[in-house]
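Residue numbers (the numbering used here): 648 to 845.
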């Protein structure tokens with residue numbers, strides 16, 4: 648899929664939002680992609696997962712690891728297309744870790760898959776969880792990459808869409824300065840599903 652085709656799926660799903668949003672990173676932005684609204688449609692999730700798999704198959708992963716909650720569905724679909732295991736990391740005492748009996752070994756080549764990467768924080772945390780389990784991380788992938796720094800995850804990064812939409816610290820946010828109310832979309836704030844653009 649090309650970038651326009653992916654964004655068309657977001658538009659069809661009502662998942663491309665404009666306004667004033669607080670991202671999970673704490674930054675503010677005028678645009679938000681609510682991946683859960685796209686991924687709720689199995690045919691869209693499958694298409695996106697196949698596309699990510701096509702871009703990362705050369706890395707020869709043996710497992711896909713995603714951060715809970717936003718990366719679980721797309722991680723599952725990418726793993727299905729790659730014919731490898733799909734695992735997810737969850738927060739325990741504030742740290743992303745493998746739980747629920749998930750294990751990785753030194754022979755595992757892990758691909759970290761997310762819905763959206765902005766600062767790369769959750770991707771780096773997921774990489775650390777894989778490495779703590781003894782696995783090597785061969786790359787990362789996302790539906791949307793909205794950051795500008797390719798070095799922020801320290802592994803090869805593939806994304807279906809690259810969008811540069813400004814994100815601001817709250818203290819220098821022009822939307823705040825204009826008095827626009829801020830909304831925190833996602834699973835905890837809106838009840839729409841997994842949080843994106845964080």
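Virtual Cβ for every residue (Gly too), placed ideally from N, Cα, C.
All values reported here derive from a predicted model rather than from experimental measurement.
**Asked** Is the stretch 703–712 touching the stretch 806–819, taking contact as three or more C-beta pairs under 8 Å?
**Response** For the pair of segments examined, the stretch 703–712 was found not to touch the stretch 806–819: the number of CB pairs separated by less than 8 Å stays below three.
**Message:** Checking the sheet assignment: what are the DSSP bridge partners for residue 830?
**Reply:** 668
**Prompt:** Would DSSP call residue 805 helix, strand or coil?
**Reply:** In this structure, residue 805 counts as strand in the three-state DSSP scheme.
**Prompt:** According to the Cβ coordinates, are residue 748 and residue 733 closer than 7 Å?
**Reply:** no
**Request:** For the stretch 762–804, list the beta strand (DSSP E) runs that are entirely contained and at least 3 residues long, ordered along the chain.
**Result:** 783–792
**Request:** State buried or exposed for residue 739, treating a residue as buried only when at least 16 other CB atoms are found within 10 Å of its CB.
**Result:** exposed
**Message:** For a minimum of 4 consecutive residues, which ranges assigned as the alpha helix (DSSP H) are wholly contained in the stretch 659–724?
**Reply:** Those alpha helix (DSSP H) runs which fall completely within the stretch 659–724 and span 4+ residues are 682–686, 689–703.
**Prompt:** Since residue 810 is in the beta strand (DSSP E), which residue starts that stretch and which ends it?
**Reply:** Going by DSSP, residue 810 is part of no beta strand (DSSP E) at all; its letter is neither H nor E.
**Three-state class that DSSP yields for residue 734 in the structure shown** = Strand at residue 734.
**Request:** Take the Cβ of residue 604 as the centre, count every other Cβ of all protein chains shown within 10 Å, and call the residue buried at 16 or more, exposed below.
**Result:** This structure does not reach residue 604, given that the chain is present from 648 up to 845, and the question cannot be answered.
**Asked** What's the call for residue 655, buried or exposed, on a 16-neighbour Cβ count within 10 Å?
**Response** exposed
**Prompt:** How big is the Cα-Cα spacing for residue 793 and residue 765?
**Reply:** 5 Å
**Message:** Please report the distance separating the alpha-carbon of residue 700 from that of residue 735.
**Reply:** 17 Å
**Message:** Check for me: the beta strand (DSSP E) holding residue 743 runs from which residue to which?
**Reply:** 742–745
**Message:** If you follow the alpha helix (DSSP H) that residue 823 is in, where does it begin and where does it stop?
**Reply:** 821–824
**Request:** Out of 695, 702, 743, 731, point me to the one whose CA is closest to residue 720's CA.
**Result:** 695
**Asked** Sorted by chain position, which residues of the same chain lie with C-beta nearer than 6 Å to residue 798's C-beta, five sequence neighbours on each side aside?
**Response** none
**Message:** Counting C-beta neighbours from all protein chains within 10 Å, is the total for residue 838 16 or more, i.e. buried, or is it exposed?
**Reply:** With a pLDDT of 36 at residue 838, under the threshold of 50, the modelled position of this residue cannot be trusted, and the question is left open.
**Asked** By Cβ distance below 8 Å, which residues in the same chain neighbour residue 827 in space, the five residues on each side in sequence not counted?
**Response** 666, 667
**Prompt:** Which value, in whole angstroms, describes the spacing of the CA atoms of residue 752 and residue 658?
**Reply:** The straight-line gap from Cα to Cα measures roughly 40 Å.
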